[in-house]
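To start, the structure itself, in structure tokens.
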Amino acid sequence: MTITLVHYLVVGALLFALGLVTVATRRNAVGVLMGVELVLNGANVNFVAFGRYGGDAVGGSVFALFVIVLAAAEAAVGLAIVLALFQTSKSIDVRQADLLRE
Amino acid sequence: MEHPALVTQASLLWLIPALPLLGFVVNALFGAPLQRAFGKRLIHTVAIGAVAASFFVALYFFGRMLGADPEQRTLQETLWNLFTAGRLSVDLAFSLDPLSMTLVLVITGIGALIHLFSVGYMADEPSYWRYFGYLNLFVFAMLLLVMGDNFAVLFFGWEGVGLASYLLIAFWYSDPEKARAGMKAFVVNRIGDFGFLLGLLLLFWALGGGWVERPGLARTVEYAPVAELRPLDPAIGAADADALAPRVKGVKVGPTLSFRELHDQISVEETGVRERLLHATLWGMPVLSIVGILLFVGAMGKSAQIPLYVWLPDAMAGPTPVSALIHAATMVTAGVYMVARLSFLFALSASAMGWVALVGAATAALGASIAFFQYDIKKVLAYSTVSQLGFMFIGVGVGAYWAGTYHLLTHAFFKATLFLCAGSVILGCHHEQDMRRMGGLGRHMPLTRSAYLVACIAIAGFPVANGFYSKDEILWKAFTSDHLALFGTPTPWLGPAIYLIGIATAVGTSFYMFRSYYMTFTGPYRGGGHRHEHNEDPHAATAARHPALSASAHASDGAVHAAHGEHGGRAPVPHESPWTVTLVLLVLATGSVLTLLLGLPALWTGTSPLFERWLEPVVAKVRFREVGHELEGLFQLFGVLAAALGWLAARALYREARSPLPGRMKERFFRAWTVVYNKYYVDELYALAVVRPTIRLAALLFWIDAHLVDGLVNLVGRIARFASAISDVIDRYAVDKAVDGVAVLTRGAGRRLRRVQTGHIQTYLYGALGGALVVVLLNYLIR
Amino acid sequence: MPPSLRRLVAWAAASVVVVLFLVVLASLAITPAAREALAPREGEGGAVAVLFYALSAVALLGAAAVAFARNIVYSALGLLAALLGAGSLYVLLSADFVAIAQLLVYVGGVMVLVLFAVMLTNKITEVNVSNASFGLFGGLLLLVAMGPLLVAVALLTPWRDLAPGPLAPTTSALGDALLTRWLLPFEVASLVLLATLVGAVIIARKELKEG
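Protein chains in written order, with numbering that gives the first Met the number 0: chain A, 0 to 101; chain B, 0 to 782; chain C, 0 to 210.
Laid out in structure tokens, this is it:
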């Protein structure tokens, strides 16, 4: 079957959903960040697919590039925070970071 | 009379009652301090002065009356208007006509003498001022009664004398016996007054129709053209009421309480009032009879007729001068005066007249019979008064108004004499009232004895003193009466029957009076010293231990020792009383003789007696049978024989206390004797039939009030308390819990809602996602 | 109620809610649109399709591993696979520069960073994932709730059917675009990178110093 836009969209959607699940369920802070990467990737797939099948290939790619850049930046900062958290509480269990609870 | 009475306006009539009133006010308000400051002299001067001044004013008017034409002897004075209701206007008005003049002179004259007597008699009394105040009050009220020009003033005086009588009988009120006697007098009087009031109101009501215009009423009527006779028209004032009333032949026709106006309305045929009265019926009975009987009920109470005579013997608990003045001469005669004053009404109803005469006769007989066996000298005199009052009512009942009034006059003299002599005797015997412990006082108290003897002769009915003339006239008129009926049926036999009762009573009167005379003044002196003894008669005086005290337990008279010094307590000799006492006795005794001149019968002198002529213009004329003079002379002889018979019998039994017959007869007929001696147990009967049920009714009503009414009130209180308790419970458990509940709820909700803030990001993420999904769902659902 | 029972009840309720949600949504939205949209269409397939499916499978499996693997290292490796897979898909989509960038940045940079972090933080505490609350089951529920939704959106939306362009290199066009049309975002992105650099160093370094 011809691979159409929809196929790519479905893949992107699934990637996104799985990434969301990862963010929601993993206890390890690094795991959460991994999930975030997945989410962003799923979005990226969407962008590029739309770029290709929507007429503006360049636009799609540019957008995807920017996403990659920002994802990388965010991953760096996030991991730095995780490391800092690890230093203080000796645990990267997100469940432990509940100082904002009631 | 077919024309209205002629009336002369006079001024200063009001002085006559006002002077004793002034004396009362002074003595009542300032008596205590005055007595303390100036002594008793001032008190009695004020009191005697007031009455004496009143007497002299009365004498002045008497003189004026004598000088005037016999038809014009009515003096009238209107002071002010008491009230006006509709077309009825009642004034404070006095009138003096021959009838009231007679009584005024008796009241003020004999009253003054008795005031003088009291000076000596009550010398030791600490409440001197109160006594004289009350005496003046009594004189004032009695004068109002006899001088009143209308029913209102008369009734005011009527009640006033009842009050004064009560105050004076219970003068030594700290003794419960005396207080009870006073209360009994007042209550019995009140019953009589109730009847009087009923009669008065019934009369007024019955006349109401007579004052309403009826078409085709009369022949020569001069009604004012505009005025209508509806009794409910509100008149503006007394003058307007007067002006609105139509006049018929000069007589005002309209609602009135005045005697003269009523008399004029009735006597003038054209007003139609007389016709109305004669034909008015209430529940089938003629109103006039009922009115007459009811008015006489008042007289029954005031003048001690059957069945309301029971208070008079008990009234002897008061001081003897009080008994003399009130219960012999004046107050008890108010009933007789009333009947004489309303003679024009009574004369219209033969049934009322018959009733009055019959009751009078029965009372006369009853009183005399009880007096036969009494030992207390004052009791003898009390029952004698009851009996003599019966005679007076016989007189006014059969229509011999002048005779009844004349007997009133003569009785005033000789009964006052008798009572004051009794007082003198009691004084002399150191408060002894039981005749069995007297005797032979004639030797020690000659003046008293003479006065007493004269009075006995008078009451018995010997022609040398005034009693004979009045009594004889009454009995003769009773025999020849033609106008008597009982409950509607004419009773021509009633007159002679009353005569027989009267003559028998006359025998009895003579008997018991001379019995008392002989027991007291002849024979050996049986009296002792100061001994406490109780005999069958609880009212017999026993000696007081402390004579200076005014309220001692057993003395029924004030002690007067000051006049003759203290005694050691052993058998003292009775002695004559001071001059203030004996003088009065002699004056009254003389009066008892002299007043016979007023009533010399026509049979002897050829002209009608002075007194009859004196009273003729003011009393009604009643028809009598024309009987021959010989019969009259015969009856006079019968009267004398009756008196003689009684005297001889008493003389035989009691003179010098020699005869053993009284003792033996008493033993033989002991049971009958006991019944009569105990007054036929009438008091006990009343106590059982009337007093006890009344007290029980009062107790029942009190119980109802205390338990039911108060119980209801308490119940309301308890309900209120219960409601408030419920309210409190509601408040505490419902309301407070609700308030607390809100707080608890809030806290609980807060506690639970706080748990949303887990602090876990992932939880928040789930929340956000969940919310987003909900929005998506809602999007599709709502579209 | 003991806590375990309470939890059970809560999970059951949540499942029911999710199922209901899906059912409702399906009945309201999906089924009407699905009938017309999912009509099978003919088209050319070939090697591209196979490749596509294979690469998608790699990416998705990797993503699943990231989500559900117990061991964090396995998750990291799964992430690697997902990233690679995504990159390959870019190639298929004729976005060659993006694919290479993905490789360089994501796989070469981020992946290394993640692995470093995993290693650095793994030694001290034993972190075993999948706890009680919101554990596996919760994740599954979420997947079930979100996944179909997104997929349904993708499938059912009537996309404009544009033919794809020829496969061509994009680098120069990209470069032009970045410096002409997309200049501002380019510069801002560089600023962001700068901030990130500085920030990360500060955050990490401080802790290291005090540690």
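All residues carry an ideal CB built from backbone N, CA and C; glycine is no exception.
Which residues share a DSSP beta bridge with residue i?
i      : result
B:T280 : B:P285
B:F93  : B:E76 and B:G147
A:N27  : A:D92
B:Q8   : B:Q75
B:D433 : B:D375
B:S257 : B:N149
B:L98  : The partner list for B:L98 (beta bridge, DSSP) is empty, contrary to what the question assumes.
For residue i versus residue j, is the C-beta distance shorter than 8 Å?
i      : j      : result
A:T3   : C:V65  : no
B:A346 : B:G396 : no
C:G84  : C:A63  : no
B:A298 : B:M352 : no
B:I106 : B:T329 : yes
B:L602 : B:G627 : no
B:A169 : B:G181 : yes
C:T120 : A:V76  : no
B:K378 : B:P318 : no
B:M518 : B:Y676 : no
B:A360 : B:G501 : yes
B:P642 : B:F461 : Sequence check: residue 642 of chain B is Ala here, not Pro. Contact: yes.
B:V608 : B:P600 : Position check: residue 608 of chain B holds Pro in this sequence, whereas Val was assumed. Their beta carbons are under 8 Å apart, which means B:P608 touches B:P600 by this criterion.
B:F412 : B:S658 : no
B:L597 : B:Y405 : yes
A:D97  : A:R26  : no
B:N149 : B:S257 : yes
B:I497 : B:A402 : no
B:P97  : B:M64  : yes
B:T409 : B:T594 : yes
With a cut-off of 8 Å, does the C-beta of residue i fall near any C-beta of chain D?
i     : result
A:V31 : No chain D appears in the structure shown, which is made up of the protein chains A, B and C.
DSSP on residue i, reduced to helix/strand/coil?
i      : result
A:D92  : strand
B:P489 : strand
B:F372 : coil
B:L81  : strand
B:A484 : strand
B:D471 : helix
C:S171 : helix
B:F810 : In the structure displayed, chain B extends from 0 to 782; residue 810 of chain B sits before or after that span and is not available.
C:L161 : coil
B:L711 : helix
B:L87  : strand
B:G38  : coil
B:L548 : Because B:L548 carries a pLDDT of 36, less than 50, the predicted location of this residue cannot be relied on, and no value is offered for it.
B:S658 : coil
A:A72  : helix
B:S509 : helix
B:C428 : coil
B:F461 : coil
B:S53  : helix
B:V559 : Bear in mind that a pLDDT of 39 at B:V559, under 50, signals an unreliable position, so the number given afterwards is only what the model happens to contain. Correct three-state label for B:V559: coil.
Within the chosen definition, does the stretch 439-451 of chain B reach the stretch 483-490 of chain B through at least 3 CB pairs nearer than 8 Å? In this structure the stretch 439-451 of chain B does not lie against the stretch 483-490 of chain B, because fewer than three pairs of beta carbons, one per stretch, are closer than 8 Å.
Take every Cβ of the stretch 101-119 of chain C, pair it with every Cβ of the stretch 181-188 of chain C, and state whether three or more of those distances are shorter than 8 Å. Short answer: they don't touch.
Does the stretch 26-41 of chain B come close enough to the stretch 74-92 of chain B to have 3 or more Cβ pairs within less than 8 Å? As far as the Cβ criterion goes, the stretch 26-41 of chain B does not touch the stretch 74-92 of chain B, which means the pair count is below three.
Just to confirm the assignment: which complete beta strand (DSSP E) runs, minimum length 3, are found wholly within the stretch 350-413 of chain B? If we require 3 residues or more, the stretch 350-413 of chain B turns out to have no beta strand (DSSP E) run fully inside it.
Kindly confirm or deny that the stretch 73-92 of chain C and the stretch 32-44 of chain A touch, where touching means at least three C-beta pairs closer than 8 Å. Yes: the two stretches touch, three or more of their Cβ pairs being nearer than 8 Å.
Only counting runs of 4 or more residues, tell me where the alpha helix (DSSP H) segments fall wholly within the stretch 317-345 of chain B, in order along the chain. Here the runs fully enclosed are 319-323, 333-340 and 342-345.
Does the contact criterion of 3 or more C-beta pairs under 8 Å hold for the stretch 449-456 of chain B versus the stretch 583-592 of chain B? The stretch 449-456 of chain B makes contact with the stretch 583-592 of chain B; the number of CB pairs closer than 8 Å reaches 3 or more.
Three or more C-beta pairs below 8 Å linking the stretch 7-25 of chain B and the stretch 129-142 of chain B: Output reads yes: the stretch 129-142 of chain B touches the stretch 7-25 of chain B.
Measuring CB atoms only, is the stretch 134-147 of chain C touching the stretch 58-72 of chain A, in the sense that at least three cross pairs come out at less than 8 Å? When C-beta atoms of the stretch 134-147 of chain C are compared with those of the stretch 58-72 of chain A, fewer than three pairs fall below 8 Å, so the two segments do not count as touching.
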